[in-house]
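Quick note on numbering: the sequence shown equals residues 21 to 78 in this note's numbering. We put the CB at the ideal spot given by N, CA and C, even for glycine. Every value quoted in this text rests on a predicted model; they were computed, and no experiment measured them. Everything on this sheet refers to the single structure shown next.
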Amino acid sequence: FSKFQEGDTILDPKVARRYRETILAAGSRKPASQLIEDFLGRPLSFDAFENWLNREGR
Numbered sequence: 021f022s023k024f025q026e027g028d029t030i031l032d033p034k035v036a037r038r039y040r041e042t043i044l045a046a047g048s049r050k051p052a053s054q055l056i057e058d059f060l061g062r063p064l065s066f067d068a069f070e071n072w073l074n075r076e077g078r
């Protein structure tokens, strides 16, 4: 989710395009974890997601 927060809005077309090209267009050519890592530019971490979930108001 952090990649979507980097833009002006979570609906930033540049980020959405990168998601579409990096993850959706690749289909099953790579393992899902590798596609996510390619999109995020860092290793997949449940800790980052868990921290986001545990923030106040979620």
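Mind checking residue i: buried by the 16 CB within 10 Å criterion, or exposed?
{"i": "L55", "result": "buried"}
Using alpha carbons as the reference points, say which of the options lies closest to residue i.
{"i": "V35", "options": "R49, L60, P51", "result": "L60"}
Rounded to the nearest angstrom, how far is the Cβ of residue i from that of residue j, given a contact under 8 Å?
{"i": "E57", "j": "L64", "result": "6 Å"}
For the alpha helix (DSSP H) that contains residue i, what are its first and last residues?
{"i": "I56", "result": "52–60"}
{"i": "A68", "result": "66–74"}
{"i": "R36", "result": "The sequence given here has Ala at residue 36, not Arg. Element bounds for A36: 33–39."}
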